[in-house]
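What follows is one structure encoded as structure tokens, with my remarks underneath.
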Amino acid sequence: MDLSIVISLFNEEESLRELVAWIDRSLSPHGYQYEIIMVDDGSTDRSWEVVTELSQQYPQIRAIGFRRNYGKSAALYCGFEAAQGDIVVTMDADLQDSPEEIPEMMRMIREDGYDLVSGWKKKRYDNVATKNLPSKLYNATARKVTGIKLHDMNCGLKAYRSEVVKNIEVYGEMHRFIPYLAKNAGFDNIGEKVVHHQARKYGKSKFGMNRFLHGFLDLLSIWFLQKFGKKPMHLFGGIGTLMSLVGAVIALWLIIDKLVSQARGAYFRPVADQPLFYLALVAIILGVQLFLTGFIGELVARNAADRNKYNIRRRIR
Ligand code: UDP
Ligand code: MG
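So the mapping is simple: my numbering equals the position in the sequence shown, first residue as 1, plus 331.
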């Protein structure tokens, strides 16, 4: 099978017929052997009925229906698991992404050797104030943190070499950072293609403004996990040791200073009268706690199911 198209959908009943017809129309001249995997993320409208009807009309459609709304990441995860094609493409169900981009994206993977090609909605047809501008800022931050030079990290339209999606685990709301997950799994040949974008034709957007806050927090988590997930002690132990050490040195200095002045019969301030002493105490206590957090982190990391998961590229014999 050449291609699997994974589509996550949540209450998109009006769009689905047009979407499948459009995909069929754009791909049939190319003669690919392909499948469409529709993942119904717990829709409460007639989406599943429409998918059922479509699957009778188009044999290339396979479908998965969730019992409730689990989110786009969960839907993509299950779609990726089911995908059988050599190349896997994801796209939104709302007719904003154009399937006509797929052949060129496939070519970039097959011939130019990309692991992942991400769409870039250069000319975007969404609300300027609530989406386009925040999205620019957000993408700039994501570029800094991840080191991946993509303009539109969270574009729904992406193509992957099948290996990539089989070796990453999209969970929570991490669908926004799949390129980063891929990079951390060792798939670092990441390309970008400018894609046509359309205004939403039916229904309404499923993500509100809190997407940016959540996205930013998720970005921090994923950065932390990739940097210290397997060695938490290096972070917590490092900061903890430094803080305790600074605190101890200050406290010691205050005590010695007092004792020396006292011995000389000079003026001295009792140690417990000095603000600096309390700061030193706080530093010592926090430092020890951070250090212990490091130990607990190590215990957790030791029990992680993927503690020994590595992607092997090649072997000899
Ligand atoms: N979606 C989903 N589960 C959800 C929310 C959204 O499967 O909980 C799907 C939705 O049906 C659409 C895609 O994810 O196919 C992108 O959603 P949307 O168009 O609302 O996002 P936007 O284009 O506004 O970023
Ligand atoms: Mg959309």
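C-beta atoms are modelled at their ideal positions from N, C-alpha and C, and glycine is treated no differently.
In the DSSP output, which residue or residues are listed as bridge partners for residue i?
i      : result
Glu371 : The residue asked about is misnamed: residue 371 is Asp in this sequence, not Glu. Answer is Leu340 and Gly396, bridged to Asp371.
Lys462 : Looking at the DSSP assignment, Lys462 forms no beta bridge with any residue, so it has no partner.
Val419 : Ser335 and Tyr491
Glu366 : Ser335
Trp451 : Val525
Have a look at the options and flag the residue whose alpha-carbon is nearest the alpha-carbon of residue i.
i      : options                           : result
Gln392 : Lys403, Leu407, Glu412 and Ile367 : Per the sequence presented here, residue 392 reads as Ile, with Gln not at that position. Comparing Cα positions, the closest option is Ile367.
Ala424 : Arg644, Glu500, Leu583 and Ser536 : Ser536
Leu506 : Arg542, Lys524, Ser493 and Arg492 : The sequence given here places His at residue 506; Leu does not occur at that position. Comparing Cα-Cα distances from His506 to each of Arg542, Lys524, Ser493 and Arg492, the minimum goes to Arg542.
Gly534 : Pro434, Phe547, Ile643 and Ser378 : Ser378
Ser575 : Ala406, Leu610 and Leu385         : Leu610
Phe622 : Ala352, Ser429 and His565         : His565
Ser429 : Met369, Ile418 and Arg356         : Arg356
Ala635 : Leu544, Pro563 and Thr572         : Pro563
Lys514 : Ile553, Gln387 and Gly539         : Ile553
Val476 : Ala352, Ile643, Ile336 and Leu556 : Leu556
Glu384 : Asp376, Arg348 and Lys532         : Arg348
Arg531 : Tyr456, Ala516 and Thr572         : Tyr456
Val501 : Glu494, Phe559 and Leu512         : Leu512
Met484 : Glu494, Tyr598 and Ala473         : Ala473
Phe608 : Leu583, Leu590 and Val495         : Leu583
Gly628 : Lys561, Gly596 and Ala414         : Lys561
Pro434 : Val419, Gln593 and Asp376         : Val419
Glu494 : Val631, Asn458, Gln364 and Ala414 : Ala414
Ser603 : Leu585, Ser339 and Val351         : For clarity, residue 603 is Ala in the given sequence; the question names Ser instead. With distances taken between Cα atoms, Ala603 lies closest to Leu585.
Ser449 : Met436, Val382, Val459 and Gly546 : Met436
Gln620 : His361, Ile587 and Leu573         : Leu573
Gly569 : Arg595, Lys524, Gly522 and Phe626 : Phe626
Pro390 : Phe397, Thr375 and Tyr365         : Tyr365
Ser335 : Phe341, Tyr363, Ala471 and Arg648 : Tyr363
Ile338 : Tyr408, Glu431, Arg644 and Val459 : Tyr408
Which residues bound the alpha helix (DSSP H) around residue i?
i      : result
Asp549 : Asn541 to Phe559
Leu426 : No alpha helix (DSSP H) holds Leu426; DSSP gives it neither H nor E.
Cys486 : Counting along the chain, Cys486 falls outside any alpha helix (DSSP H), and DSSP gives it neither H nor E.
Gln391 : Element bounds for Gln391: n/a, residue is neither H nor E.
Ile499 : Ile499 -> no alpha helix (DSSP H), and no H or E assigned at all.
Pro606 : Pro606 to Arg633
Ser359 : It is not in any alpha helix (DSSP H) - Ser359 carries neither H nor E in the DSSP assignment.
Ala413 : Lys403 to Ala413
Leu512 : Ile509 to Asn515
Arg438 : Ile433 to Arg441
Quick check: the Cα distance between residue i and residue j, rounded to an integer number of angstroms?
i      : j      : result
Glu345 : Asp372 : 16 Å
Leu550 : Ile479 : 13 Å
Asp446 : Lys462 : 28 Å
Tyr491 : Arg638 : 25 Å
Asp333 : Gly487 : 20 Å
Pro510 : Leu468 : 18 Å
Gly444 : Leu481 : 17 Å
Arg438 : Asp417 : 12 Å
Ala597 : Ala614 : 29 Å
Asn520 : Leu630 : 34 Å
Leu548 : Gly539 : 15 Å
Ile587 : Ile616 : 21 Å
Val382 : Ser466 : 32 Å
Tell me the residue span of the beta strand (DSSP E) that contains residue i.
i      : result
Ser592 : Where Ser592 is concerned, there is no enclosing beta strand (DSSP E), although the alpha helix (DSSP H) it sits in stretches over Pro563 to Arg595.
Check your reading: residues with Cβ closer than 7 Å to the ligand MG heavy atoms:
Per the CB criterion, closer than 7 Å to any heavy atom of the ligand MG, the qualifying residues run in chain order as Asp423, Asp425, Gln427, Gly487, Arg531 and Ser536.
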